[in-house]
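Asker: Can you keep this structure in mind? I'll have questions shortly.
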Amino acid sequence: MTIVALETSSRPPSIAVRSAERTLALTLEEGRRHASDLLGALESLLSTLGEDASTIQTVIVGTGPGSYTGLRVGIATALGLSRGSGAQLQALPSFEALAMAHLKEGECGTVLLDARSRQFYGAQYERTATGVRAVIPPMVCAADEWRAVLPSADCIVCDASSAATAGLVEGERSLLRTSTGPEAQHLLPLGIAQLKAAGPLNPAEVQPLYLRPFAANVRKR
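Numbered per my numbering, the sequence shown finishes at 642, counting up by one with no gaps.
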């Protein structure tokens, strides 16, 4: 059974493949986030495992929040792989991968991501014996309001840039667990568990967590 996970909500994107008892993961180079880049990386991982696209039975994709462009590419690639191979689909918030990677069992953690335009994406998760549980699902808030909507937790998980923008005070800095972003390999166990519990998703159910309207950047002439 070959399972593929795609995580494209942040830079750099990543891909992971599990076949039998082996798992391989690859982080793409900065800027390489097109579908062709993901498919090339997937082909390389499958070849190393002695597999090919015809053996893919499940595709798991992170739905964000994060880069709008990255999410569109990742989800479109996941849907294409599913159509081409007949693989089952599963999707989950990318923040769950961060919680899976950085929280210890029993801990509750706040996940933050700078959403630009003086806003933050935020959520809170509890690490359980079998995965993670959303205490507060992903949401968007003003940059100066995240403390009001996200109660104190055992730790704060975010990248260095988001930590700087969040203006963490001394006590909060001691709780910081710096991340470079969600990784596909941490989506694998969560997606597999979700698939066993609820079954596969229909393609129409795989939707990005945009959380706010798209705002295009207008270049000044």
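Using N, Cα and C, we set each Cβ at its ideal position, and we do this for glycine too.
Computed from a prediction, not measured in an experiment: that's the story for all the values here.
Going by other Cβ atoms of all chains shown within 10 Å of its Cβ, with 16 needed for buried, is L572 buried or exposed?
Answerer: Taking the first residue of the sequence shown as position 1, residue 572 is located at position 151. First, the amino acid is wrong: residue 572 is Pro here, not Leu. Exposed, since its Cβ has fewer than 16 Cβ neighbours within 10 Å.
Asker: Taking DSSP as the reference, what is the three-state secondary structure of T476?
Answerer: Residue numbering aside, residue 476 sits at position 55 when the sequence shown is read from its first letter. T476: helix per DSSP, three-state reduction.
Asker: Looking only at DSSP bridge pairs, what is E428 linked to?
Answerer: In the sequence shown, counting from the first residue as 1, residue 428 sits at position 7. Bridge partners of E428: S435.
Asker: With burial defined as no fewer than 16 other Cβ atoms inside 10 Å of the residue's Cβ, what is the status of Q511: buried or exposed?
Answerer: Indexing the sequence shown from 1 puts residue 511 at position 90. Q511 comes out buried.
Asker: Taking 8 Å as the cut-off, decide whether the C-beta atoms of L611 and Y542 are in contact.
Answerer: Indexing the sequence shown from 1 puts residue 611 at position 190. Indexing the sequence shown from 1 puts residue 542 at position 121. Cβ distance not < 8 Å, so L611 and Y542 don't count as in contact.
Asker: Under three-state DSSP, which class holds Q540?
Answerer: In the sequence shown, residue 540 corresponds to position 119, counting from 1. Correct three-state label for Q540: strand.
Asker: Would you grab the beta carbon distance between G501 and V578 for me? Rounded to a whole angstrom, and I think it's under 8 Å.
Answerer: For this step, residue 501 is matched to residue 80 along the sequence shown. For this step, residue 578 is matched to residue 157 along the sequence shown. Contact flag wrong, Cβ pair sits at about 31 Å.
Asker: Kindly indicate the opening and closing residues of the beta strand (DSSP E) around A555.
Answerer: If you number the sequence shown from 1, residue 555 lands on position 134. Element bounds for A555: V553 to A563.
Asker: Taking the CB atoms as reference points, tell me whether A605 and A437 lie closer together than 8 Å.
Answerer: Taking the first residue of the sequence shown as position 1, residue 605 is located at position 184. Taking the first residue of the sequence shown as position 1, residue 437 is located at position 16. Yes, the pair counts as a contact, with Cβ atoms nearer than the cut-off.
Asker: For the beta strand (DSSP E) that V650 lies in, which residues bound it at each end?
Answerer: Residue 650 is absent from the structure shown; the chain starts at 422 and stops at 642.
Asker: Roughly how far, in whole angstroms, is the beta-carbon of V561 from the beta-carbon of A544, given that I think they are within contact range, below 8 Å?
Answerer: Against the sequence shown, residue 561 aligns to sequence position 140. Against the sequence shown, residue 544 aligns to sequence position 123. Actually they are not in contact, since the Cβ atoms of V561 and A544 sit about 10 Å apart, beyond 8 Å.
Asker: Check whether the stretch 469-483 and the stretch 423-440 are in contact - that is, three or more C-beta pairs closer than 8 Å.
Answerer: Enough Cβ pairs lie closer than 8 Å, so yes.
Asker: May I have the straight-line CA-CA distance separating T448 from A569, to the nearest angstrom?
Answerer: What you label residue 448 is simply residue 27 of the sequence shown in a count that begins at 1. What you label residue 569 is simply residue 148 of the sequence shown in a count that begins at 1. The alpha-carbon atoms of T448 and A569 are separated by roughly 35 Å.
Asker: Measuring CA to CA, which of P603, T601 and A584 is closest to S595?
Answerer: Locating residue 595 in the sequence shown gives position 174, where the first residue counts as 1. Comparing Cα positions, the closest option is A584.
Asker: State the start and end residues of the unbroken beta strand (DSSP E) segment that holds T444.
Answerer: As a first step, residue 444 must be located in the sequence shown, where it is residue number 23. It spans R443 to T448 - the beta strand (DSSP E) in which T444 sits, taken as one unbroken run.
Asker: Counting beta carbon pairs with one atom in the stretch 617-633 and one in the stretch 476-494, are three or more of them shorter than 8 Å?
Answerer: With the cut-off at 8 Å, the stretch 476-494 and the stretch 617-633 touch.
Asker: Skipping 5 residues on each side, what residues in its chain have a beta carbon closer than 7 Å to that of I557?
Answerer: Counting from 1 along the sequence shown, the entry for residue 557 is found at position 136. A544, Q545 and L571.
Asker: In the DSSP assignment, what are the bridge partners of V482?
Answerer: In the sequence shown, residue 482 corresponds to position 61, counting from 1. L427 and A512.
Asker: Just reading off the beta strand (DSSP E) that T599 is part of, what are its end residues?
Answerer: On the sequence shown, position 178 is the one that residue 599 refers to. Note, T599: beta strand (DSSP E), L597 to T599.
Asker: DSSP three-state call for V532: helix, strand or coil?
Answerer: For the purposes of this step, residue 532 is taken as residue 111 along the sequence shown, with counting starting at 1. Reduced to three states, the DSSP call for V532 is strand.
Asker: Which one of G620, L459 and K525 has the shortest CA to CA distance from C576?
Answerer: Locating residue 576 in the sequence shown gives position 155, counting from the first residue. When each option's Cα is compared against that of C576, the closest is K525.
Asker: Between the C-alpha atoms of L463 and I481, what's the straight-line distance to the nearest angstrom?
Answerer: Locating residue 463 in the sequence shown gives position 42, counting from the first residue. Locating residue 481 in the sequence shown gives position 60, counting from the first residue. C-alpha separation (whole angstroms): 13 Å.
Asker: Could you tell me which of A618, L597 and L427 sits nearest to P514, measuring between CA atoms?
Answerer: Translated into the one-based positions of the sequence shown, residue 514 becomes position 93. For P514, the nearest C-alpha among the options comes from L427.
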